[in-house]
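Count the sequence shown with the numbering used here and you get residues 2 to 64, in order.
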Amino acid sequence: MSNLKMKEAALIYLDRSGGLQKFIDDCKYYNGTFSKDAELGNHILHQPLKAAEVFQSVSQKKK
């Protein structure tokens, strides 16, 4: 499976499972922080799957 197909499948899964909406909501909540950190913002824009992994790892530590 090509890298693009894998990304598409991951985004579809996140959308169907509600994870994508949670990610969007988290981004809105932390928007002020992201605007201050260009590297993190670029990571979210250009490598959304890796960014989602970062958010998941952070949210798992909160529990």
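C-beta: ideal position from N, C-alpha, C; glycine also.
Open item on the list: Measuring only the C-alpha atoms, how far is F8 from Y14?
Closed with: Taking the first residue of the sequence shown as position 1, residue 8 is located at position 7. Taking the first residue of the sequence shown as position 1, residue 14 is located at position 13. In the sequence as presented, Phe is not what sits at residue 8; that position holds Lys. Approximately 10 Å between the Cα atoms of the pair.
- [ ] Please report how far the alpha carbon of Q22 lies from the alpha carbon of K6, in whole angstroms.
- [x] By 1-based counting over the sequence shown, the position of residue 22 is 21. By 1-based counting over the sequence shown, the position of residue 6 is 5. Going from the Cα of Q22 to the Cα of K6 covers about 21 Å.
Open item on the list: Tell me which residue opens and which closes the alpha helix (DSSP H) that S18 is part of.
Closed with: As a working note, residue 18 is residue 17 in the sequence shown. N4 to S18 is the extent of the alpha helix (DSSP H) around S18.
Open item on the list: Helix, strand or coil for Y31? Go by DSSP, reduced to three states.
Closed with: Within the sequence shown, numbered from 1, the residue matching residue 31 stands at position 30. Three-state DSSP puts Y31 in coil, outside helix and strand.
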